[in-house]
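To start, the structure under review is shown below, and the notes come after it.
Chains as they are written, first to last, in my numbering: chain C, 401 to 600; chain S, 401 to 600.
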């Protein structure tokens, strides 16, 4: 069996490292890039490089930005008394798209994970506590962490530190997603949905 | 709603142009690239650029190569009397992986398509005919074109030109794929499978 030229083989290898792109999809993408306009290919290559050269983390909240502070932290119309804590910058994007939060954010860049050896020092938790200790402090922290084991551990850890400062702390409701069906809902989600039941 | 920094927004736009990558997958990929080692990101960027800088088409068969002629055309152990005609370089990869063809290839880089205005001049058909007119000519041409309307048109067109030179021409069998089930086989495929039935 003939082998592939190194130029395409190493691109396939690099593409395969991306999440949810297997070897077969990587092959299709690589051969696709052989066929399209050279300009499009160079734009993609440059955009990938520019991402790391130009993007950095907001010094206040840890969200992605090209300046010192992100657009949200700089926006005077945002409610500075409310901070929504998320795991990753992509979660900010998701919440902004839903238009449900008018306050600020704080991006932890992960969750505590005893199993994977990730401690508070590996996350932007000290930076969060610094924000809680400003004068005046925020009046509310919303924990928008994923409903996973590590998300739960992190929420419990943070809730204690936030409450002891007398700041209100809540966590996003867990339950059956809108449009989802009970038939395909797992037992843990169902139990949470029952615990979180509300008067109608 | 806050907008994304241009560096990540334009990467998402470029990634969305790739086949089978929607805006949501592009977002996930872009934010993933924010998180991984800088080295891996630069390797991906460089690999994309190198693809177009180093890869070219074999001057004999149109397959991808980094030299003048591809590895298969240069290989003295390949059977030079048999040429397998395919639509795209990725088809060569697929056939090589199956280890069913010991001859050479010819890559058309597309199919004839009256609807999309693609004629013989847009494909590497003149190059194929040149190879059929060598002395001695190949003894067999296998048309491994996709079983689609355009593939059929192209196969009919080529078969005529190959046969009039007294060279044997065949096309890959069409039918129910191994492991497939009749229940999920469309009517056209089933008809072809019946037409192509063989004594057991």
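All C-beta atoms, glycine included, are put in the ideal place defined by N, C-alpha and C.
Please tell me whether residue i has its Cβ less than 7 Å away from any Cβ of chain C.
i              : result
residue 507(S) : no
residue 477(S) : no
residue 548(S) : no
residue 504(S) : no
residue 523(S) : no
residue 581(S) : no
For residue i, which residues in chain C fall below 7 Å Cβ to Cβ?
i              : result
residue 405(S) : 455, 464, 465 and 466
residue 418(S) : 429 and 432
residue 452(S) : 438 and 441
Within 7 Å of any Cβ in chain S, is that where the Cβ of residue i sits?
i              : result
residue 349(C) : Beyond the ends of chain C as shown, which are 401 and 600, falls residue 349(C); an answer cannot be given.
residue 410(C) : yes
residue 448(C) : yes
residue 565(C) : no
residue 441(C) : yes
residue 531(C) : no
residue 414(C) : yes
Which stretch, first to last residue, makes up the beta strand (DSSP E) that contains residue i?
i              : result
residue 568(C) : 568 to 571
residue 541(S) : 540 to 543
Please compile the residues from chain C whose C-beta is within a distance smaller than 9 Å of the C-beta of residue i.
i              : result
residue 487(S) : The premise fails here: residue 487(S) is roughly 11 Å from chain C at the closest Cβ pair, so nothing lies under 9 Å.
residue 558(S) : Ordered by position in chain C, no residue passes the 9 Å Cβ test against residue 558(S), which lies about 21 Å from the chain.
Where do the ends of the alpha helix (DSSP H) carrying residue i lie?
i              : result
residue 558(C) : 549 to 563
residue 530(S) : 525 to 532
residue 446(S) : 438 to 454
residue 423(C) : 423 to 435
residue 588(S) : 587 to 595
residue 473(C) : 471 to 474
Grouping DSSP H, G and I as helix and E and B as strand, with all else coil, what is residue i?
i              : result
residue 502(C) : coil
residue 413(C) : helix
residue 493(C) : helix
residue 522(S) : helix
residue 483(C) : strand
residue 582(C) : helix
Rounded to whole angstroms, what is the Cα-Cα separation between residue i and residue j?
i              : j              : result
residue 574(S) : residue 467(C) : 58 Å
residue 520(S) : residue 509(C) : 55 Å
residue 592(S) : residue 461(S) : 30 Å
residue 518(C) : residue 512(C) : 5 Å
residue 598(C) : residue 583(S) : 47 Å
residue 585(C) : residue 578(C) : 12 Å
residue 501(S) : residue 538(S) : 14 Å
residue 515(C) : residue 553(C) : 11 Å
residue 442(C) : residue 449(S) : 6 Å
residue 581(C) : residue 594(C) : 14 Å
residue 526(C) : residue 410(S) : 32 Å
residue 542(C) : residue 572(C) : 7 Å
residue 523(C) : residue 555(C) : 13 Å
residue 544(S) : residue 550(S) : 13 Å
residue 438(C) : residue 431(C) : 13 Å
residue 568(C) : residue 536(C) : 14 Å
residue 485(C) : residue 425(C) : 35 Å
residue 422(S) : residue 416(S) : 5 Å
residue 456(S) : residue 488(S) : 13 Å
residue 507(S) : residue 402(C) : 15 Å
Chain S partners of residue i, CB-CB under 7 Å?
i              : result
residue 593(C) : Per Cβ cutoff of 7 Å: no residues; residue 593(C) is ~25 Å from chain S at best.
residue 445(C) : 445, 448 and 449
What residues from chain S crowd round residue i, counting only those whose CB sits closer than 8 Å?
i              : result
residue 402(C) : 470, 471, 472, 475, 492 and 496
Using a Cβ cut-off of 7 Å (strictly closer), state whether residue i contacts chain B.
i              : result
residue 459(S) : The displayed structure is made up of protein chains C and S, and chain B is not among them.
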